[in-house]
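Right, one structure below, let's go through it.
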Amino acid sequence: MTKKSIKTLMSEVNQRLAQLDQQAKSIQDEKKKVRQDLKILNDQLVTELGRQLLTKLNLEEDNPEAIDAAFAKLDNLHDSDRGGAS
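Just so we're aligned, residue 6 is where the sequence shown starts under our numbering, counting upward by one.
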């Protein structure tokens, strides 16, 4: 059986380390892409929920009084949620 020299072993270990570094970089790049995709989906969900809320509160027309009333309702809901949690 032929023994490898220390220099050859070090070279192989360094190559393996470089491979692992590349794998780690690829994983980080993929995580970044997935986070960006998740942000896009979250933004789409917020937009859709906003549209549903406007429709539910009959705010499809440009009516400042209705918008103020809707925000007052939301504030009351939020305040009652806080009161129930305390």
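Virtual Cβ for every residue (Gly too), placed ideally from N, Cα, C.
Beta-carbon gap between residue i and residue j smaller than 8 Å
i	j	result
Ala-71	Leu-82	no
Ala-77	Leu-62	no
Continuous alpha helix (DSSP H) stretch holding residue i: start and end
i	result
Asn-19	11-61
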